[in-house]
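Asker:
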Amino acid sequence: MTLKEIAELLKKLKSATIFCHMRPDGDTLGAAMGLKSMMEKSGAACKVVCESMIPSKFFFLEGMESIGKEADENSQAYIAVDSSETHRLGALCEVFERAKKPKFNIDHHISNSRYGDYVYVEDRAATCEIMTELSSYFEGEPDAKTANYLMLGLSSDTGNFAHKNVTESTFLAAAKLVAHGADIHAVQYNMFKKQSAARALLFGRTMSNIRYFADGRIAFISVTREQIRAAGATSDVTEGFIDFPLSVDGVEVAACLLETADNRFKISLRSKGAADVNAIASVYGGGGHILASGCMISGCLEEVVDKLRYTILQHLSE
Ligand SMILES: [Mn+2]
C-alpha cells in the first residue's frame with residue numbers, strides 16, 4: 615500500500631486507538647501523538663495508549679500525560695506505530711491481536727513482521743519521518759503542537775540528527791516541521807541535555823575514574839551502588855554514561871560496569887568497529903548488536919574487570 619492510500623483510509627475513520635510500543639521512546643510517542651492530532655483535526659476521536667509508564671522527561675510536550683493504558687474497545691480501528699512486532703506492545707499485545715477491527719501497522723523498522731490489515735513499512739530514520747510525510751495528505755498544515763510531536767521522534771531516533779540513519783529526507787522532514795513551528799531547541803534540550811544535579815555529580819565522579827587498557831584502546835567506567843547513593847541519584851541516571859568513554863580518541867571498546875546487586879554487574883558495551891561486542895556479550899549469556907551490547911557478570915568489581923578485559927582483548931582486532 616502507498617502512504618497516500620493509508621492516509622485516505624485513516625481520514626475516513628471516526629475513531630481510533632493508537633498503540634505505542636512498551637518502554638516507549640520519543641519516536642513511538644511522537645508518532646502516536648502526532649497522528650492523533652492530525653486525525654482529530656479531520657474529525658476523528660483518538661486515544662493513545664502504552665502499556666508502560668510514560669517517563670516524565672517527555673512531559674515538556676503538552677498532552678503526553680493523557681496517554682492511557684487501556685485501548686478503547688469502541689474504537690473503529692487500532693493503529694500500531696513504531697512497533698516491529700505485536701509483542702512490542704507488551705501487555706496490550708493480546709488486545710490488539712484479538713480485536714476484530716481494521717488494524718494498521720505503520721513503522722520504519724525493516725525487520726517489521728508485517729502484521730495487521732493495512733501495513734506501511736519503509737526504511738526511514740524514524741516513524742516520525744513517515745508521519746511527517748503522511749501529514750501532507752491531511753487537510754491543512756500541521757500545527758505547532760503536531761510539528762513538535764513529530765520533531766520529538768525525528769530528533770530522538772537520530773541522536774539529534776547525528777546518527778548514520780540520517781538522510782536527505784530526514785532533513786527535509788525536519789525543515790517542514792520547523793516551518794510549521796517545531797521548537798528544535800526545546801526538543802533537543804529536553805531530550806539530550808537536561809539532567810539533574812545528582813546525575814551531573816555522579817557523571818563527574820565516574821568520568822574522573824575512567825580506566826584504560828591495551829594502550830588506550832579499551833576504556834572502562836564503573837558505578838557502584840554506594841556511589842549512586844552518595845550522589846543522591848538512582849541507577850537509571852547512568853543511561854548514556856557509556857557514550858563518554860567511547861568518545862575518547864583511540865578508544866575502540868568502552869564498557870560500563872553498573873553494580874545492580876551484591877557481586878553482580880550489568881555490563882554495557884560499545885564499539886567503534888574494531889571489536890564485535892555482541893560476540894563479547896554472548897560469552898556471558900548476553901547480546902545485542904555488533905556495536906552495542908550488554909550482559910550480566912557476577913563477581914566483585916575487580917574480578918569482573920579482569921574477566922571482561924580478558925574477553926575484550928581476545929576479540930579486539932589488531
Ligand atoms: Mn523508531
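Here the numbering used here is used: the first residue of the sequence shown is 615, the next is one more, and so on. A virtual CB, placed ideally from N, CA and C, is assigned to each residue, including glycine.
1) With distances taken from CA atoms, which of VAL897, GLU840, ASN892 is nearest ALA875?
2) Should THR784 be counted as a contact of ligand 1 given a C-beta to heavy atom distance under 7 Å?
3) Do the CB positions of GLY730 and PHE718 come within less than 8 Å of each other?
4) In whole angstroms, what is the alpha-carbon distance linking LYS671 and SER810?
5) Is ASP876 near ligand 1, going by C-beta to nearest heavy atom under 7 Å?
6) Within the stretch 707-741, note down every full beta strand (DSSP E) run reaching 3 residues or more, in order along the chain.
7) On the DSSP letters alone, give me the boundaries of the alpha helix (DSSP H) that SER912 sits inside.
8) Span of the alpha helix (DSSP H) holding ILE926?
9) What are the residues that DSSP puts in a beta bridge with PHE633?
10) Helix, strand or coil, according to DSSP, for LYS683 in the structure here?
11) Confirm the yes/no value for this check: CB of THR772, any heavy atom of ligand 1, distance under 7 Å.
12) Could you tell me if ILE926 is buried or exposed, where buried requires 16 or more neighbouring beta carbons within 10 angstroms of its beta carbon?
13) Can you give me the Cβ contacts of LEU816 inside the same chain, cut-off strictly under 6 Å, excluding the 5 residues immediately before and after it?
14) Compute the distance between the beta-carbons of SER769 and GLY900, then report whether it is under 8 Å.
15) Could you give the residue range of the beta strand (DSSP E) that holds PHE855?
16) For SER882 versus ALA869, is the C-beta distance shorter than 8 Å?
17) With DSSP as the reference, identify every bridge partner of SER882, one or two as the case may be.
18) Regarding THR781 and ligand 1, is the C-beta to nearest heavy atom distance less than 7 Å?
19) Would you check if the distance between the CB atom of VAL780 and the CB atom of ALA812 is smaller than 8 Å?
20) Rounded to whole angstroms, how far is the Cβ of ALA691 from the Cβ of LYS715, which I believe are closer than 8 Å?
21) Should ASP641 be counted as a contact of ligand 1 given a C-beta to heavy atom distance under 7 Å?
22) Please check the pair MET653 and CYS660, which I expect to be a contact at CB under 8 Å, by giving their CB distance rounded to whole angstroms.
23) Less than 8 Å between the beta carbons of GLU736 and ALA787, yes or no?
24) From ALA793 to SER697, what does the alpha carbon distance come to, in whole angstroms?
25) Measuring CB to CB, does ALA685 end up less than 8 Å from VAL662?
26) Using 7 Å as the cut-off, classify the Cβ of ALA740 as near or not near the heavy atoms of ligand 1, replying yes or no.
27) Just to confirm my understanding: we take ILE824, look at its own chain, exclude 5 residues before and 5 after, and list those with CB closer than 6 Å. What are they?
28) Any idea if GLY908 is buried or exposed, counting beta-carbon neighbours within 10 angstroms, 16 or more meaning buried?
29) Is it the case that the CB of HIS722 approaches a heavy atom of ligand 1 more closely than 7 Å?
Answerer: Taking the structure as given:
1) In the sequence shown, residue 875 corresponds to position 261, counting from 1. Measuring from the Cα of ALA875, the nearest candidate turns out to be GLU840.
2) For this step, residue 784 is matched to residue 170 along the sequence shown. No - ligand 1 has no heavy atom lying nearer than 7 Å to the Cβ of THR784.
3) By 1-based counting over the sequence shown, the position of residue 730 is 116. By 1-based counting over the sequence shown, the position of residue 718 is 104. The answer is yes: Cβ separation under 8 Å.
4) Working through the sequence shown from its first residue, we reach residue 671 at position 57. Working through the sequence shown from its first residue, we reach residue 810 at position 196. Cα to Cα, LYS671 sits roughly 11 Å from SER810.
5) Position 262 of the sequence shown, counting from 1, holds the residue named residue 876. Incorrect: ASP876 has no Cβ contact closer than 7 Å to ligand 1.
6) If we require 3 residues or more, the beta strand (DSSP E) runs fully inside the stretch 707-741 come out as 717-721, 732-735.
7) Position 298 of the sequence shown, counting from 1, holds the residue named residue 912. Not the alpha helix (DSSP H): SER912 falls in the beta strand (DSSP E), residues 906-912.
8) As a position in the sequence shown, residue 926 is number 312, starting the count at 1. Taken as a continuous stretch (DSSP letters only), the alpha helix (DSSP H) holding ILE926 covers 915-929.
9) In the sequence shown, residue 633 corresponds to position 19, counting from 1. DSSP output for PHE633 lists VAL663, ALA694 as bridge partner(s).
10) Your numbering for residue 683 matches position 69 in the sequence shown. Three-state DSSP puts LYS683 in coil, outside helix and strand.
11) Indexing the sequence shown from 1 puts residue 772 at position 158. No, since every heavy atom of ligand 1 falls outside the 7 Å radius drawn around the Cβ of THR772.
12) In the sequence shown, the residue the question calls residue 926 occupies position 312. By the Cβ-count criterion, ILE926 is buried, with 16 or more other Cβ atoms from all chains shown falling within 10 Å of its own Cβ.
13) For the purposes of this step, residue 816 is taken as residue 202 along the sequence shown, with counting starting at 1. Excluding residues up to 5 positions away in sequence, ALA845, ALA847 lie with their Cβ nearer than 6 Å to the Cβ of LEU816 in the same chain.
14) Numbered from its first residue, the sequence shown carries residue 769 at position 155. Numbered from its first residue, the sequence shown carries residue 900 at position 286. No. Outside cutoff.
15) Here residue 855 refers to the residue found at position 241 of the sequence shown. No beta strand (DSSP E) contains PHE855, which DSSP labels as neither H nor E.
16) Here residue 882 corresponds to residue number 268 of the sequence shown, with the count starting at 1. Here residue 869 corresponds to residue number 255 of the sequence shown, with the count starting at 1. Result yes, Cβ atoms of SER882 and ALA869 sit closer than 8 Å.
17) Residue 882 sits at position 268 when you count from the first residue of the sequence shown. CYS870, GLY908.
18) Your numbering for residue 781 matches position 167 in the sequence shown. No - ligand 1 has no heavy atom lying nearer than 7 Å to the Cβ of THR781.
19) Here residue 780 corresponds to residue number 166 of the sequence shown, with the count starting at 1. Here residue 812 corresponds to residue number 198 of the sequence shown, with the count starting at 1. Contact flag unset, no.
20) Taking the first residue of the sequence shown as position 1, residue 691 is located at position 77. Taking the first residue of the sequence shown as position 1, residue 715 is located at position 101. About 6 Å separates the two Cβ atoms, so the contact holds.
21) Counting from one through the sequence shown, the residue named residue 641 turns up at place 27. Yes; taking the cut-off as 7 Å, the Cβ of ASP641 has a heavy atom of ligand 1 nearer than that.
22) Reading the sequence shown from its first residue, position 39 is the one you call residue 653. Reading the sequence shown from its first residue, position 46 is the one you call residue 660. That pair is a contact at about 5 Å.
23) As a position in the sequence shown, residue 736 is number 122, starting the count at 1. As a position in the sequence shown, residue 787 is number 173, starting the count at 1. Not closer than 8 Å, so no.
24) Numbered from 1 along the sequence shown, position 179 holds the residue referred to as residue 793. Numbered from 1 along the sequence shown, position 83 holds the residue referred to as residue 697. Between ALA793 and SER697, the C-alpha separation is close to 28 Å.
25) Sequence index remark: in the sequence shown, residue 685 carries index 71 (1-based). Sequence index remark: in the sequence shown, residue 662 carries index 48 (1-based). No, Cβ-Cβ distance for ALA685 and VAL662 is not below 8 Å.
26) Here residue 740 is taken as the residue at index 126 of the sequence shown, counted from 1. Flag set: Cβ of ALA740 near ligand 1.
27) Walking along the sequence shown from the start, residue 824 turns up at place 210. Answer for ILE824: ALA833, ILE835, PRO859, listed in chain order.
28) The count along the sequence shown starts at 1 and reaches residue 908 at position 294. Answer is buried; the Cβ neighbour count reaches 16.
29) As a first step, residue 722 must be located in the sequence shown, where it is residue number 108. Yes; taking the cut-off as 7 Å, the Cβ of HIS722 has a heavy atom of ligand 1 nearer than that.
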